[in-house]
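Asker: First the structure, which I've put down as structure tokens, then a few questions once you've had a look.
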Amino acid sequence: FISYSQEDSEWVTQTLLPRLEHETLGYQLKLCIRDRDCLIGSSTSEQIVACVENSRHTILILSNNFLRSEWRQFEFRTALSESVSGNRRHMIIVLLEDINMTNIDPDLKRCLKTRTYIK
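Now the structure itself:
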């Protein structure tokens with residue numbers, strides 16, 4: 001599952017998805033993004049939980065836009081919970097830009113300090 005801000009959707013759909021879904025790495029990945037793969041009409045929170053739980057990993061595309069979105073924060077919390085409950089490295093963090101660390105969620109800040117992320 002890929003969690004990203006709507007404002008960053010062009011980068012996700014034009015850059016990230018083609019690289020990961022079309023065998024440019026020598027293999028093809030199955031990715032889930034909400035704009036394409038989630039059902040219209042069902043509860044947003046239920047869809048997020050189902051996507052995170054049914055995915056091997058959650059990729060967080062972290063940007064200042066991401067940090068301003070309550071739904072992206074919910075996706076982060078759901079992925080963090082899945083990581084803790086499953087005792088595994090469920091989250092992959094991609095830092096899309098330099099972010100403002102002043103008002104960042106304390107758990108997300110801790111993740112950035114203790115985990116490897118892609119920049």
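Taking the UniProt record's numbering, the leading residue of the sequence shown gets 1, the next gets one more, and so forth. Idealized CB from N, CA, C, for every residue including glycine. Every value quoted in this text rests on a predicted model; they were computed, and no experiment measured them.
#1: Unbroken alpha helix (DSSP H) runs of length 4 or more, entirely within the region 6-57: which are they?
#2: Rounded to the nearest angstrom, what separates D98 and N64 at their Cα positions?
#3: Kindly identify the DSSP beta-bridge partner or partners of I93.
#4: T78 lies in the alpha helix (DSSP H); which residues open and close that run?
#5: Skipping 5 residues on each side, what residues in its chain have a beta carbon closer than 7 angstroms to that of R115?
#6: Buried or exposed: which applies to H90, given that a residue is buried once 16 or more other Cβ atoms fall within 10 Å of its Cβ?
Answerer: Once the coordinates are examined:
#1: 17-21, 34-37, 44-53
#2: Locating residue 98 in the sequence shown gives position 98, where the first residue counts as 1. Locating residue 64 in the sequence shown gives position 64, where the first residue counts as 1. Rounded to the nearest angstrom, the two C-alpha atoms are 8 angstroms apart.
#3: Along the sequence shown, one-based indexing puts residue 93 at 93. I93 is bridged to L60.
#4: Locating residue 78 in the sequence shown gives position 78, counting from the first residue. Element bounds for T78: 70-85.
#5: Numbered from 1 along the sequence shown, position 115 holds the residue referred to as residue 115. Cβ neighbours of R115 beyond the five flanking positions: I93.
#6: Against the sequence shown, residue 90 aligns to sequence position 90. With 16 or more Cβ atoms within 10 Å of its Cβ, H90 is classed as buried.
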